[in-house]
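Residue numbers (the numbering used here): 95 to 273.
Here a beta-carbon is modelled for each residue, glycine too, at the ideal position from N, C-alpha and C.
Contents: one structure, followed by commentary.
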């Protein structure tokens, strides 16, 4: 069994956390089965960032925010707890460096290699294996309130919503978050 069993399109998240260090991210993501039916993970940034609402945002920051969505999705699908994700800076998990995208699936000892061999959804043995292509279709960035960390959290919420749509479990927000 693989996740997702079918395409889950138009998963929209408007992440907003009101506080002095809150942030906002607005994304729309599609979850598709990998075409070859094998376990693994792909992330595609299909957003036309050249049409960004704010030309003052450097292209590198927009790419970092897009990658953070994919990172949040992948970590959530793999079973990394929400608290670990929130307390870790983008590019790290539990104090360890986490490279995104995962890299070469043929290199033993890497996360990409583990994904290609089969990682169960949410890290639970009785769940389907991750075999997911994630396509970021739309993203809105605010020069004032957006940064990679909030896009990572939006990716987390998108993954939770996609799981909810496929297995019927209710989607709940983390304490203090609003969607």
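9 Å Cβ cutoff met for residue i and residue j
i, j, result
"residue 234", "residue 119", "yes"
"residue 124", "residue 141", "no"
"residue 202", "residue 135", "no"
"residue 230", "residue 122", "yes"
Supposed contact pair residue j and residue i - C-beta distance, whole angstroms, cut 8 Å
i, j, result
"residue 199", "residue 210", "4 Å"
"residue 217", "residue 172", "6 Å"
"residue 61", "residue 133", "Residue 61 falls outside the range modelled here, since the chain spans only 95 to 273, and no answer is possible."
Spatial neighbours of residue i in its chain, beta-carbon cut-off 8 Å, leaving aside the 5 residues before and after
i, result
"residue 127", "96, 98, 99, 100, 101, 225, 226 and 227"
"residue 131", "96 and 225"
"residue 207", "198, 199, 200 and 201"
C-alpha distance - residue i paired with residue j, whole-angstrom precision
i, j, result
"residue 70", "residue 155", "What the structure shows of the chain is the stretch from 95 to 273, and residue 70 is not part of that stretch, so it cannot be assessed."
"residue 175", "residue 157", "25 Å"
"residue 245", "residue 162", "6 Å"
"residue 260", "residue 254", "10 Å"
"residue 150", "residue 256", "33 Å"
"residue 129", "residue 138", "14 Å"
"residue 239", "residue 107", "16 Å"
"residue 258", "residue 219", "18 Å"
"residue 241", "residue 181", "15 Å"
"residue 178", "residue 243", "13 Å"
"residue 205", "residue 232", "27 Å"
"residue 237", "residue 194", "23 Å"
"residue 112", "residue 262", "29 Å"
Nonlocal neighbours in the same chain, by C-beta distance under 7 Å from residue i, ignoring five residues either side
i, result
"residue 143", "153 and 156"
Three or more C-beta pairs below 8 Å linking the region 240-251 and the region 166-175
yes
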